[in-house]
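Structure first, commentary second.
Residue numbers (our numbering), protein chains in the order written: chain A, 72 to 382; chain B, 260 to 545; chain C, 249 to 495.
This is the structure we're talking about:
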């Protein structure tokens with residue numbers, strides 16, 4: 072994406088609440104941005120490190136439940152509970168990584184699925200802490216610098232800010248020398264070892280970073296919905312996040328964002344016209360996996376090069 | 260004492276159900292190296308199809324047959340149209356099965372609605388039987404017997420038929436098998452259909468104890484994974500032992516530690532993956 | 249006599265019931281061009297894998313510049329100035345040649361942990377990578393994507409990446425395999441120009457080229473060292489003739 076397109080996109084994002092008529096679309100935009108944060112964080116692992124995970128919603132859950140519990144049960148402030156949730160989730164991600172990275176490929180996938188399910192099971196059964204099936208409700212949004220995040224537009228701008236920060240951080244990481252080594256471990260792990268790189272450590276750092284950024288998404292998620300329940304950590308949700316990454320374009324910076332937009336738009340807009348948007352999503356996904364494995368981003372590139380070469 | 264006996268029967272029945280689910284998954288992975296993430300969906304769809312057959316007034320037996328045929332055909336179609344095209348790309352195949360799971364789950368919701376649907380056991384198997392002064396649900400005993408028949412049938416297929424020999428050879432050493440002329444493509448289709456059909460049969464057979472509901476697929480898939488990882492991918496014996504082990508762990512766990520039961524299921528899986536990725540009887544490292 | 253830079257002592261390795269490496273002893277001295285020969289299946293690549301750390305030995309020891317590396321990982325051995333090429337190309341297929349070499353250079357640099365800045369425009373790194381590519385005659389193709397290069401050029405790149413690691417000892421696994429006569433010439437010239445401060449242990453089947461290149465030769469057969477010595481000694485050894493002519 073070149074400079075001009077980026078500036079236009081940014082301008083559109085900033086102007087969005089003014090362009091849409093009313094809070095519904097602004098709220099939808101906030102949801103898309105939050106989903107994009109999850110997708111971008113998962114993309115680090117799936118797209119750049121080449122490790123496919125089906126447990127990403129677990130980080131949503133960990134961050135959301137930890138911050139909620141601290142606020143509701145211990146009366147902590149938004150800032151400290153969010154900080155603790157992010158730290159806690161990242162630490163747990165690190166521990167998960169120690170176990171999960173003993174495997175690759177399909178077993179890695181299954182271990183991450185297992186972790187996601189364990190967390191879901193905990194959320195569901197440990198009712199005394201998590202509220203069980205009922206979840207934790209009655210949560211509030213913070214008021215940073217006196218801003219009223221209850222207002223859709225203000226929440227949107229706050230979310231946009233966080234989204235841009237995460238996008239920036241991931242972009243910097245991916246373009247750095249360390250980012251190049253992450254990609255190297257995906258392409259040729261054996262060669263990377265032979266070159267002296269500590270492939271395991273590179274993967275573990277990436278795994279933990281994935282949890283870190285995922286936890287940020289979790290905080291935004293729980294602030295938006297002001298509610299958390301086990302459903303948000305379900306396997307279906309983890310699968311949806313993976314779908315976003317793959318459909319948008321794994322291993323690209325904007326792919327996950329586009330994938331998130333696709334899924335959320337289908338979920339919220341198409342669902343009004345098409346009852347069975349999930350079927351549609353599934354079919355689109357299968358189509359992409361079969362014919363455009365690089366995702367929508369790759370599809371755009373192909374169209375673009377076809378158009379430029381046709382000139 | 261009665262508690263232990265009744266729970267043991269429940270464990271065996273659950274184990275039997277898990278076996279029909281896990282056997283198919285294990286075979287598909289062993290032969291095609293595809294982790295079929297739509298396997299839970301086949302299970303659920305089989306239950307729904309069977310349900311419709313029963314509600315149309317037909318026998319339970321016909322329901323099972325219908326489930327086997329319908330899901331087998333569906334598996335065939337999926338394998339031919341989607342998976343075959345992605346041959347050689349394991350990750351893409353797994354992702355494709357994920358997409359298929361989404362589609363099947365949503366279409367089931369579409370067709371059969373969102374309410375859980377109980378299924379009654381066939382009348383000749385309803386009720387209980389008295390042994391040692393305790394009443395054991397007859398259907399659960401039937402399930403155990405059924406799963407043993409399925410196991411014997413599968414074993415006979417793998418051990419005694421030419422097809423079985425080809426399957427086992429391909430699981431053990433795919434390149435070698437192809438080298439001596441085993442028709443891989445045909446074999447894949449047959450095994451995938453068989454695996455799917457088994458899952459479907461498992462679904463309807465389990466319906467009287469699990470009932471059918473949206474989300475059954477997402478509930479069963481992780482458990483199937485635990486069973487096959489524990490027992491060992493590609494091993495029928497492993498699927499058998501693993502199923503009953505998990506059946507016991509889950510049934511007793513549910514009663515003794517309800518809060519932790521679900522989690523207890525995954526711990527053996529994690530330990531095995533970390534310590535012995537081949538599983539108890541597996542030939543292939545996961 | 250100086251200590252050998254690579255010392256393999258009584259190395260054994262079995263796969264199941266099959267012993268593929270049987271008590272191999274090998275000494276390579278600094279600057280030496282040492283050739284490892286033997287018929288197919290003799291266990292040459294296995295020995296390479298054991299030396300580089302891709303395989304763990306069952307017993308015996310491997311010493312690199314005086315340090316016992318038997319229990320160390322591949323990455324650790326690379327850090328101790330060991331480099332190797334593979335029989336099957338293991339290049340970064342989606343990158344251009346320059347990026348490939350840059351990654352090779354990064355392997356031993358603290359820069360590899362830097363999480364900010366741009367990999368694409370690290371001036372010092374680019375410079376160094378270009379000079380390595382020049383060494384193998386690929387400088388003009390630095391920005392070409394890998395898929396647009398010929399097999400011979402890819403083989404040269406593989407060597408370039410190993411050289412980029414600034415190794416003390418370089419393991420070359422059939423560097424001339426699958427190349428045309430012209431390409432063989434180019435690479436042979438390249439190998440001859442490698443500085444003598446880098447020790448080379450090479451597996452090669454092309455006898456003409458290899459014999460002209462080698463100082464010392466070790467003949468391996470069924471995982472055992474049959475004979476080892478100077479070029480003359482090995483070539484004249486009756487066992488060598490037996491193994492090669494008896495085939």
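We put the beta carbon where it would ideally sit given N, CA and C, even for glycine. None of the values given here were measured: they were computed from a predicted structure.
query: Within-8 Å CB hit, residue 308 of chain A to chain C; result: no
query: Chain-ordered chain A contacts of residue 416 of chain B [CB-CB under 9 Å]; result: None at all; the shortest Cβ gap to chain A is about 25 Å.
query: Residues within the stretch 239 to 267 of chain A neighbouring chain C, beta-carbon criterion of under 7 Å; result: 243, 244, 246, 247, 248, 249, 250, 251, 252, 255, 258, 259, 261, 262, 264, 265, 266 and 267
query: Where residue 419 of chain C sits in the DSSP three-state scheme; result: strand
query: Residue 481 of chain C in three-state terms, based on DSSP; result: helix
query: Separation of residue 534 of chain B from residue 228 of chain A, as counted between CA atoms; result: 48 Å
query: Residue 396 of chain B, enclosing beta strand (DSSP E) - first and last residue; result: 393 to 396
query: Given 8 Å, three or more beta-carbon pairs between the stretch 283 to 293 of chain B and the stretch 341 to 355 of chain B; result: yes
query: Proximity test, Cβ basis, 8 Å: residue 418 of chain C and chain A; result: no
query: Length at least 3, wholly inside the stretch 439 to 526 of chain B: the beta strand (DSSP E) runs in chain order; result: none
query: Three-state class that DSSP yields for residue 287 of chain C in the structure shown; result: coil
query: Residues that DSSP places opposite residue 367 of chain B in a beta bridge; result: Answer is none; residue 367 of chain B lacks a bridge partner.
query: Cβ neighbours of residue 157 of chain A in the same chain (closer than 8 Å, five flanking residues each side left out); result: 134, 283, 286, 287 and 290
query: Complete alpha helix (DSSP H) runs within the stretch 330 to 402 of chain C (minimum length 4 residues, chain order); result: 345 to 354 and 371 to 383
query: CB of residue 187 of chain A within 8 Å of CB of residue 301 of chain A, strictly; result: no
query: Spatial distance of residue 495 of chain C from residue 397 of chain C (CA atoms); result: In this predicted model, residue 495 of chain C has a pLDDT of only 48, less than 50, meaning its place in the structure is not dependable enough to derive any value.
query: Cβ neighbour criterion (16 or more within 10 Å) applied to residue 410 of chain A; result: Residue 410 of chain A lies beyond the range of chain A shown here (72 to 382); nothing can be said about it.
query: Of the listed residues A:338, A:184, A:234 and A:355, nearest to residue 123 of chain A (C-alpha basis); result: A:184
query: One or two residues paired with residue 281 of chain C in a DSSP bridge; result: C:448
query: C-alpha gap between residue 327 of chain C and residue 260 of chain A, whole angstroms; result: 16 Å
query: Contact set between the stretch 364 to 386 of chain B and chain A, restricted to residues whose Cβ is under 9 Å from the partner; result: 364, 365, 366, 368 and 369
query: Three-way DSSP call (helix, strand, coil) for residue 495 of chain C in this model; result: Residue placement at residue 495 of chain C is poorly supported in this model, since its pLDDT is 48, which falls under 50; the coordinates are not used for a value here.
query: Minimum C-alpha distance to residue 450 of chain B - residue among B:401, B:423 and B:497; result: B:423
query: For residue 387 of chain C and residue 394 of chain C, believed in contact at Cβ under 8 Å, the rounded distance; result: Not confirmed; about 16 Å, so no contact.
query: Under 8 Å (Cβ pairs) to chain C, residues found in the stretch 268 to 284 of chain A; result: 268, 269 and 270
query: Complete beta strand (DSSP E) runs within the stretch 153 to 235 of chain A (minimum length 3 residues, chain order); result: none
query: Chain A within 8 Å of residue 525 of chain B, Cβ atoms only; result: yes
query: N- and C-terminal bounds of the beta strand (DSSP E) containing residue 273 of chain C; result: 266 to 276
query: Under 8 Å by beta carbon: chain A residues contacting residue 407 of chain B; result: Near residue 407 of chain B there are no residues of chain A at all, since even the closest Cβ is about 28 Å away, more than 8 Å.
query: Contacts around residue 219 of chain A, its chain only, beta-carbon distance under 8 Å, and the 5 residues preceding and following it disregarded; result: 225
query: Residues near residue 383 of chain A in its chain [Cβ-Cβ closer than 7 Å; skip 5 each side]; result: Any property of residue 383 of chain A remains undetermined from this structure, which presents chain A solely from 72 to 382.
query: For residue 262 of chain C: DSSP bridge partner residues; result: C:267
query: Inter-residue Cα distance where the pair is residue 375 of chain B and residue 355 of chain A; result: 28 Å
query: Ranges of the alpha helix (DSSP H) found wholly within the stretch 291 to 352 of chain A, counting only runs of at least 4; result: 306 to 319 and 326 to 336
query: Segment contact, 8 Å Cβ cut-off, at least three pairs: the stretch 389 to 399 of chain B with the stretch 260 to 274 of chain B; result: yes
query: Proximity winner among A:274, A:365 and A:143, relative to residue 361 of chain C (alpha-carbon distances); result: A:274
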